[in-house]
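Notes for the one structure printed next.
In the working numbering, the protein residues as written are 3 to 98.
Below is the structure:
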């Protein structure tokens with residue numbers, strides 16, 4: 003299931019990465035942070051795809067599908083057209 007990360011957890015991860023890699027160059031440090039964030043997002047997207055394929059509830063399938071398309075880079079208007087939903091419904095699903 004998709005899980006948001008708190009600022010404390012983010013800071014802890016950043017500090018851990020900094021110490022683990024013994025990073026002294028700030029550019030390299032920022033790059034490592036972005037790689038870690040991208041990895042976490044990709045992991046959550048895979049979990050979302052798995053959950054999407056397992057669900058038998060049509061409403062939940064639609065919600066998971068909307069969130070997945072959001073992660074894939076579609077705009078809310080595009081998602082609304084693809085999923086035959088109102089734009090405000092897409093906004094609600096994404097901002098829950």
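Backbone N, C-alpha and C fix where the C-beta goes; we use that ideal spot for every residue, glycine too. Because the structure is a prediction, the values reported are computed rather than measured.
- prompt: Assuming residue 68 and residue 95 make a contact with CB atoms under 8 Å, what is their CB distance in whole Å?
  reply: 5 Å between Cβ atoms; contact.
Pick from 48, 92 and 37 that is closest to residue 82, judged by C-alpha positions: Comparing alpha-carbon positions, the option among 48, 92 and 37 lying closest to residue 82 turns out to be 92.
task: Express the C-alpha separation of residue 55 and residue 3 in angstroms, rounding to a whole number.
output: Interpretation of residue 3 is limited by its pLDDT of 45, a score under 50 that renders its predicted location unreliable; no figure is taken from the coordinates.
message: Measuring CB atoms only, is the stretch 58-65 touching the stretch 33-50, in the sense that at least three cross pairs come out at less than 8 Å?
response: Short answer: they don't touch.
- request: Rounded to whole angstroms, what's the CA-CA distance from residue 79 to residue 97? Just pull it up for me.
  value: Rounded to whole angstroms, the gap between the alpha carbons of residue 79 and residue 97 is 15 Å.
message: For a test of the three-state rule: what should DSSP assign to residue 77, helix, strand or coil?
response: Secondary structure of residue 77 (DSSP, three-state): coil.
task: Please state if the CB of residue 50 and the CB of residue 63 are separated by a distance shorter than 8 Å.
output: Their beta carbons are not under 8 Å apart, which means residue 63 does not touch residue 50 by this criterion.
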